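Report on the structure given below.
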Amino acid sequence: MANHTVAETIHVPYLEEKGILSWILSTDHKRIGIMYLVSISTFFVLAGIAALLVRLELLSPGKTIVDAHTYNVLFTFHGSAMVFLFIVPGIAASFGNFLIPLMIGARDVAFPRLNLLSYWLYLLGTVIILFSLLKPADTGWTFYTPYSIQTGTDVILLTFGVFVLGFSSILTGLNFIVTVHKLRAPGMTWHRLPLFIWSSYATAILQLLATPVLGITLLLLIAERVFGIGFFDPAKGGDPILFQNFFWFYSHPAVYIMIIPAMGVISEVIPVFARKPIFGYKAIAYSSLAIALISFLVWAHHMFVSGMSEVAATVFSFLTFLVAIPTAIKVFNWLATLYKGSIELRTPMLYALSFIFLFTIGGLTGVFLGTLAADVHLHDTYFVVAHMHYVMIGGTVMGFFAALHFWYPKMFGKMYNEAVAKVAWFLVFVGFNVTFFPQFILGMEGMPRRYADYPPQFHTLHEISTIGSWILGLGILIMALNLLRSLTNGEKAPDNPFNSLSLEWQIPSPPPHENFEKIPHVTDWTYGYGKKNNQEG
Amino acid sequence: MNWLPEEASNLARNVDTVIWFVTIISLVFFFLITVVLVFFAIKYRRKSGEDETPYITGNHFLETLWTIVPSILVLVIFAYGFIVFKQMRTPPQEALEVNVIGKQWLWQFQYDNGKTTINELYVQQNRPVKLIMRSEDVIHSFFVPAFRVKQDLLGGMYTYLWFTPTKVGVFDLYCAEYCGAAHSKMLGKVIVMSPEAYERWRKGEEREEQKGVASISPVQLGEQLYQQRGCNACHTIDGTPSVGPSWKGLFGHEVTLQDGTKVTADENYIRESILEPQAKLVKGYQPVMPSFKGILTDEEISAIIAYIKTLK
């Protein structure tokens, strides 16, 4: 257990200083984390509104509120903003920044100014993307060629914005890797690291190695549009499948950039609210790394019907199944952690248990899509849309909400209203399932994705899905209002309201500027809950 | 409860068996995980702050068990999916070949007897068909849910798929790869005919029959063609602009072209716009309409013009 040599002298809480400059010029990892949190949440809301409009258009067949082109623009904005502005930076940039130095017992990340530069690059990227909305792109977030070369909409600005965001991601990854290697407190050995650190570390490796490929691909796409060089357009002698290979070489590992940090959050929340040590620490830690490495070798499972060779499809199907195994291992270990626990269903725990339930559905439906013959039928239908949202909302966003409710007292020094938070959780959980479960059925029945209009036989399920989106939206609204209101009206948070053993809870809420008066000396791992009598592994 | 569509090809049953196999394994795991999750959450819920919990950090046997069991299962699933996929990708030698062209936003089918159809693929029951496909512009994807087949169409490269239709009937064809404004209107039908009916159609007797029925007026023919030839993907008849201008109130009115000049939409203008769509493009629209030269006969063009005239 971390010992408590943290000095008791009066500190200046990191939130104390006021004024915009004190934020945008701050190199404090906690302030940068909060700035990311505010930024990504803003785009989560904007992209979510686009999603509500998409669902509203699909309420009934024919034109409901917008024409086909506007619909295409809406789902493109929804997808690209959710992916590149919210979920890729996501938990890693917001909670990662805030928590990594606190959890490993450091005063800041390894390169604080580089960290601020990463945030500015993120802002620059978002500004460029917002400018692209003057003539918003209609390519979908995947920018498939040759359509992205042919369309008259502003693909260049959008992809250039994503290109800039890529640098933010790469530099953050680099910063975190060095931080975890060099700044761990004395006694904080690799096998004592909180699992959130392991998952942040695996994510950082992915960010560093995969993102450059996306950058290059988008530059090639821009070059093709501006100078007419035929990389991808068959009319110019290019190869459209090459684009898909490049794109997914980044974007599949990116799926794990999005989900692995959420898995880290779950590994932190469950032991605290079950009062049990995490079960299978090493299995969870190394499965993060295994997922990260295998995820580089599965990208073409998005392309079984693209015209790629059957041999390649077979190899990629096989490799895809390998990634299912470390994922399953994590789920089993979380479940085993609950065994004989003393489980308290506070809001973070409700979100964490929802994660296990929903992510299991997301993962198992991924098995359908990895299976060659099944994928031929299900590919590019609503089944994929549903699967993707069960992983991304059911997984990552549930992890994000769990993190938000778990570390909120530490971040802002206030408690939120627990009862309201639970009502919001219930609406989110129900609304999510009502929205997305019918989409599995739609997909099996053959409803293709990215359709502004649909034949009447799909009407009922689309209607249910749209109604679900309202429940989900209401839940998120209530959650947001509760958290915002508690910033000013919430009760003052104790230093360690949930009795966690992790280092960040052993210092004041909110933490002081330099985190630790004296760097702690760590003597045990962070999961020493429960009564020791038989020790193992 | 079957969420899968009707099985109307030789491949459908095999694909469905794979899907059901995966479904059963998934359901077993899903219920196992959910039951354990809910059971633990209820049984071990906190009774008081002083609950004692045991210090259990892992178990090698369990760890090994839940690594090996899923590993074996996914290998079996992989192998099964591969076996059926191999069948789906191996067309029989005797398959009848049809050339398919996808373009924004219609399907064109060319048969061995020289016939060309738009948005309607005619095939014979119980006779294997191999589609040799290419795109003239962006990527499209040929998807017939009832047959469980899907394959992308690319420019500069042929792709193929095959199936043997097993049921007489009309089946939905979708474009499954996002291809622009009218993607959701790039719809077609696969018409599966009995061998006799197919033979009649192949020899072109169907058309004669139609002529025999022939009391169909040019306006009615035009209205039929509006649906069959896919005009409706981009042109509405209720006045709302879509990918292309609406046909309502078009005839006899002035339209403004890209360069600002104005022309009256008369018979010759409409004819030219069908055969050479980019020659006089209406302002505010993209040059995306394909030419119907060689697809529509003069008689059919006249019928479409007659139909447009009625849309006031």
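These protein sequences, in sequence, are chains A and B. With the working numbering, letter number 280 in the first sequence gets 1433, and the count goes up by one each step, no holes. With the working numbering, letter number 34 in the second sequence gets 40, and the count goes up by one each step, no holes. All C-beta atoms in this analysis are idealised placements derived from N, C-alpha and C, irrespective of residue type, glycine included. This structure is a prediction, so every number in the text was calculated from the model and none was measured.
Within chain A, the residues that residue i reaches when beta carbons sit closer than 8 Å
| i | result |
| --- | --- |
| Ser200 (chain B) | Per Cβ cutoff of 8 Å: no residues; Ser200 (chain B) is ~25 Å from chain A at best. |
| Trp72 (chain B) | Ala1481, Ile1482 and Phe1485 |
| Lys209 (chain B) | Near Lys209 (chain B) there are no residues of chain A at all, since even the closest Cβ is about 33 Å away, more than 8 Å. |
| Thr165 (chain B) | Gly1460 |
Interface partners of residue i on chain C, CB under 8 Å
| i | result |
| --- | --- |
| Glu1598 (chain A) | In the structure shown, chain C does not exist; the protein chains are A and B. |
Close Cβ partners of residue i (< 6 Å) along its chain, the five nearest in sequence each way excluded
| i | result |
| --- | --- |
| Phe1593 (chain A) | Phe1536 and Ala1539 |
| Gly1249 (chain A) | Ser1353 |
| Thr1480 (chain A) | Gly1516 |
| Trp1678 (chain A) | Arg1345 |
| Phe1582 (chain A) | Ser1507 |
Interface flag, residue i vs chain B, CB-CB below 7 Å
| i | result |
| --- | --- |
| Lys1615 (chain A) | According to the sequence provided, residue 1615 (chain A) is His. The question's Lys does not apply to it. So no, His1615 (chain A) is outside the interface. |
| Lys1288 (chain A) | no |
| Arg1499 (chain A) | no |
| Phe1248 (chain A) | no |
| Asp1533 (chain A) | yes |
| Thr1467 (chain A) | yes |
| Ala1221 (chain A) | yes |
| Tyr1458 (chain A) | Tyr is not the amino acid found at residue 1458 (chain A); the sequence shown has Val there. Yes - at least one Cβ of chain B is within 7 Å of the one on Val1458 (chain A). |
| Pro1650 (chain A) | no |
| Tyr1167 (chain A) | no |
Where residue i meets chain B, residues with beta-carbon distance less than 8 Å
| i | result |
| --- | --- |
| Glu1463 (chain A) | Phe91, Lys92 and Arg95 |
| Gly1278 (chain A) | Those within 8 Å of Gly1278 (chain A) in chain B number zero; the least Cβ separation is about 24 Å. |
| Val1583 (chain A) | The contacting residues do not exist; Val1583 (chain A) stays about 16 Å from chain B at best. |
| Arg1208 (chain A) | Going along chain B, no residue has its Cβ under 8 Å from Arg1208 (chain A), so there is no contact; the nearest lies around 15 Å. |
| Gln1592 (chain A) | In chain order: nothing, as chain B lies at least about 11 Å away. |
| Leu1361 (chain A) | By Cβ distance, chain B contributes nothing, its closest Cβ being about 28 Å from Leu1361 (chain A), past 8 Å. |
Cβ of residue i within 7 Å of any chain A Cβ
| i | result |
| --- | --- |
| Val41 (chain B) | no |
| Leu204 (chain B) | Note that residue 204 (chain B) is Tyr in the sequence shown, not Leu. Not an interface residue. |
| Phe84 (chain B) | yes |
| Phe88 (chain B) | yes |
| Thr170 (chain B) | no |
| Asp272 (chain B) | no |
| Ile243 (chain B) | no |
| Leu160 (chain B) | yes |
| Gly64 (chain B) | yes |
| Gln234 (chain B) | no |
| Val144 (chain B) | yes |
| Ile25 (chain B) | yes |
| Arg19 (chain B) | no |
Contact list for residue i against chain A, beta-carbon separation under 7 Å
| i | result |
| --- | --- |
| Asp265 (chain B) | Near Asp265 (chain B) there are no residues of chain A at all, since even the closest Cβ is about 17 Å away, more than 7 Å. |
| Lys68 (chain B) | Here residue 68 (chain B) is Leu; the residue named in the question, Lys, does not match the sequence. Ordered by position in chain A, the residues that pass the 7 Å Cβ test against Leu68 (chain B) are Ala1489. |
| Ser32 (chain B) | Leu1517 and Val1520 |
| Ser77 (chain B) | Ile1478 |
| Glu58 (chain B) | Lys1684 |
Per-residue contacts from residue i into chain B (C-beta, under 9 Å)
| i | result |
| --- | --- |
| Tyr1607 (chain A) | Ser190 |
| Ser1470 (chain A) | Phe84, Gly87, Phe88 and Phe91 |
Contacts of residue i in chain B (Cβ-Cβ under 7 Å)
| i | result |
| --- | --- |
| Thr1513 (chain A) | Phe36 and Ile39 |
| Asn1225 (chain A) | Ala187 |
| Leu1525 (chain A) | Gly87, Phe88 and Phe91 |
| Val1425 (chain A) | The premise fails here: Val1425 (chain A) is roughly 12 Å from chain B at the closest Cβ pair, so nothing lies under 7 Å. |
Closer than 9 Å at the beta carbon, the chain A residues around residue i
| i | result |
| --- | --- |
| Leu317 (chain B) | The premise fails here: Leu317 (chain B) is roughly 18 Å from chain A at the closest Cβ pair, so nothing lies under 9 Å. |
Contacting residues, own chain, Cβ-Cβ under 8 Å from residue i (five flanking each side not counted)
| i | result |
| --- | --- |
| Leu1374 (chain A) | Phe1296, Thr1298, Ser1301, Ile1302, Val1308, Thr1312, Phe1384, Phe1385 and Phe1396 |
Chain-order list of residues whose beta-carbon lies under 7 Å from that of residue i (same chain, five-residue window excluded)
| i | result |
| --- | --- |
| Val1165 (chain A) | Pro1665 and His1666 |
| Phe1469 (chain A) | Val1451, Ala1453 and His1454 |
| Ala101 (chain B) | Pro134, Val135, Lys136 and Trp168 |
| Phe1239 (chain A) | Ile1193, Phe1196, Phe1197 and Ala1200 |
Segment contact flag, the stretch 1512 to 1530 of chain A with the stretch 109 to 117 of chain B, C-beta cutoff 8 Å, min 3 pairs: no
Any 3 or more C-beta pairs closer than 8 Å across the stretch 1356 to 1366 of chain A and the stretch 1387 to 1396 of chain A: no
The stretch 1317 to 1328 of chain A contacting the stretch 162 to 176 of chain B, beta-carbon criterion three pairs below 8 Å: no
Touch test, the stretch 99 to 110 of chain B against the stretch 132 to 141 of chain B, Cβ-Cβ under 8 Å, three pairs minimum: yes
The stretch 151 to 158 of chain B touching the stretch 239 to 253 of chain B, judged by at least three CB pairs closer than 8 Å: no
Alpha helix (DSSP H) runs wholly inside the stretch 1243 to 1289 of chain A, at least 4 long, in chain order: 1250 to 1257 and 1265 to 1285
At least three beta-carbon pairs within less than 8 Å, the stretch 1398 to 1411 of chain A to the stretch 175 to 192 of chain B: no
Whole alpha helix (DSSP H) elements within the stretch 38 to 107 of chain B, 4-residue minimum: 66 to 94
Segments of 3+ residues assigned as beta strand (DSSP E) that fall wholly inside the stretch 117 to 158 of chain B: 122 to 124, 126 to 130, 135 to 141 and 146 to 150
Stretch pair the stretch 1633 to 1648 of chain A + the stretch 40 to 54 of chain B: three plus CB contacts closer than 8 Å: no
Contact the stretch 256 to 272 of chain B vs the stretch 286 to 302 of chain B: 3+ CB pairs below 8 Å: yes
Within the stretch 1581 to 1630 of chain A, ranges of the alpha helix (DSSP H) (whole runs, at least 4 residues): none
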